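Novice: Under the working numbering, the final residue of the sequence shown carries the number 328; numbering is consecutive throughout.
Backbone N, C-alpha and C define an ideal beta-carbon position, used for all residues, glycine too.
From a predicted model like this one, the values you see are computed outputs, not experimental measurements.
First the structure, then my questions, so here it is.
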Amino acid sequence: MPQEITFSPVGVVRTGATQSEVKERGEELTYDIVIFPEYQQALEGIDGFTHLIVLFHFNQLRPDQQGVLKVQPRRMLKFGFTLDQLPWVGVFCLDSPSRPNPIGLSVVKVLGRNGNTITVRGLEAFDGSPVLDIKPYTPDRAIQDVGVPEWYRRLADSSAGRV
């Protein structure tokens, strides 16, 4: 029997971007991660890291997007693919927000910090998304020779290297 797990957010995402802007070009946008006052001490020593791993909750999904197990890699649409060209694959193969546990993960570039607010680029989260955790991205996390399945390789090859 699955165990229920409960998390409390440590902060919240703030951005002036609309949901459409986040979906279309989220990796280019600037975001503020506002850490709640009771967790501010957890930021001690964070200055100097150029990148962070941010875990957040996809809290703004529609009911039909929740608990989905198979999706198409819709991110590929911005590379010129059409829906009929995209395979249906399990959500554990993609970073789709539609999944059994709607947890997002982004590696972000740190642009600055002011008190309990960290300004970053590349979060790809909507305004008001609860932040669950932050971890430093350190050199020992870098993975060399990453492999991908054949279906992904075919999409990458036919996108002229844009994927």
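1. Between which two residues does the beta strand (DSSP E) harbouring V187 extend?
2. If you run the structure through DSSP and keep just helix, strand and coil, what is Y317?
3. Three or more beta-carbon pairs under 8 Å between the segment 304-314 and the segment 225-244, yes or no?
4. Roughly how many whole angstroms lie between the Cα atoms of P265 and P295?
5. Assuming R278 and D212 are in contact, meaning their beta carbons sit under 8 Å apart, how far apart are those beta carbons, in whole angstroms?
6. Quick check on this structure: which residue in V275, G210, K235 has the alpha carbon closest to the alpha carbon of E192?
7. Let me confirm a value: G210 is counted as buried when at least 16 other C-beta atoms fall within 10 Å, else exposed. Which label applies?
8. Run through the DSSP bridge pairs and tell me what Y196 is partnered with.
9. Three-state secondary structure (DSSP) at D298?
Specialist: Quick answer:
1. In the DSSP assignment, V187 falls outside any beta strand (DSSP E) and within the unbroken alpha helix (DSSP H) covering 184-190.
2. Here Y317 sits in helix by DSSP.
3. Fewer than three Cβ pairs drawn from the segment 304-314 and the segment 225-244 lie within less than 8 Å of each other, which leaves the two stretches out of contact.
4. Distance between the alpha carbons of P265 and P295 is about 17 Å.
5. Yes, they are in contact, since the Cβ atoms of R278 and D212 sit about 6 Å apart, within 8 Å.
6. When only C-alpha atoms are compared, the closest one is V275.
7. Classification of G210: exposed, given that the 10 Å Cβ count is below 16.
8. Bridge pairing for Y196: V285 [DSSP].
9. Correct three-state label for D298: strand.
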